[in-house]
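Notes to accompany the following structure.
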Amino acid sequence: MQVRPVTVTGAARRTQIIDATIKVIAEQGYDRASFARIAERAGISSTRLISYHFAGKADLMAAVAADVITAIGNWTGGEMRSHVSAAAQLRAYIEATVQFIAENRAPMKALTEILLAGALNYSAADDAGAGAPLEQLLRRGQEAGEFRPFDPLVMAAAVQRCVDGLPFLLEREPELDCTAYARELAMLFELGTRREM
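Set out below in structure tokens:
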């Protein structure tokens with residue numbers, strides 16, 4: 081099925097459908113996220129409206145994932161830009177990511193469900209691309225003499241996996257103090273990266 085060009089009203093409808101999809105997946109799981117349930121949650125009359133805006137379930141899931149990932153990037157990027165040093169940017173990245181996850185549990189649960197279901201064509205190259213900015217930040221910190229020698233790939237992967245694991249931890253510990261979690265995580269990587277005097 082051919083998807084129509086996006087207009088202003090079309091963009092609003094797409095956003096409405098994406099928001100409803102996030103809620104359905106977060107509440108009922110990926111496997112139960114049918115177009116019928118999504119249409120009902122969105123308050124739209126027919127699943128054909130979803131098909132009008134998305135080429136199929138895979139296209140809709142890709143749009144949901146892109147929406148959440150873009151929101152994370154915009155939030156963390158904004159927080160990091162207010163700092164100059166690599167160490168301060170690393171701390172800001174960790175704290176901002178944890179804060180985003182804590183305050184956006186439904187979108188994060190939906191993203192996690194989509195990824196675990198294998199609903200995206202997410203490859204090793206995509207994973208490497210996602211970690212590249214963090215790896216570059218760590219290299220920059222080493223070049224500036226802020227950080228000790230270490231493998232930036234390994235350190236970036238460790239940081240990323242710690243924040244990626246938070247949605248799972250919040251499922252088990254929904255009352256977790258995420259501010260304290262962010263502080264501990266930031267301290268862990270501050271101690272792990274800083275140059276000894």
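Heads up: the sequence shown runs through residues 81 to 277, numbered per the numbering used here.
All C-beta atoms in this analysis are idealised placements derived from N, C-alpha and C, irrespective of residue type, glycine included.
Taking residue i as the reference, give the member of the options with the closest Cα.
i      : options                        : result
Leu271 : Phe227, Ala135, Leu256         : Phe227
Pro213 : Phe115, Ala236, Ala262, Leu191 : Ala236
Gly109 : Asp257, Arg241, Glu223, Glu193 : Glu193
Gln96  : Gln222, Gly158, Asn154, Ala119 : Ala119
Gly123 : Ala100, Asn154, Glu251, Asp147 : Ala100
Leu195 : Leu233, Arg220, Gly245         : Gly245
Gln179 : Ala266, Gly90, Thr89           : Ala266
Ser131 : Ala238, Asn184, Gly90, Glu215  : Gly90
Apply the 10 Å Cβ neighbour rule to residue i and answer buried if 16 or more other Cβ atoms are within range, or exposed otherwise.
i      : result
Phe269 : buried
Arg171 : buried
Met188 : buried
Leu256 : exposed
Glu175 : buried
Gln169 : buried
Arg161 : exposed
Tell me which same chain residues have a C-beta within less than 6 Å of the C-beta of residue i, skipping the five on either side of it?
i      : result
Thr273 : Phe227
Gly211 : Ala236, Gln240
I need the DSSP call for residue i, collapsed to helix, strand or coil.
i      : result
Phe248 : helix
Phe180 : helix
Phe230 : coil
Arg275 : coil
Glu253 : coil
Gly221 : helix
Leu196 : helix
Leaving out five residues before and five after residue i in sequence, what residues of the same chain have Cβ atoms less than 7 Å from its Cβ?
i      : result
Ser165 : Glu226
Thr127 : Phe115, Ala116, Ala119
Query - Minimum length 4: unbroken alpha helix (DSSP H) runs contained in the segment 94 to 170 - result: 115 to 122, 127 to 133, 137 to 161
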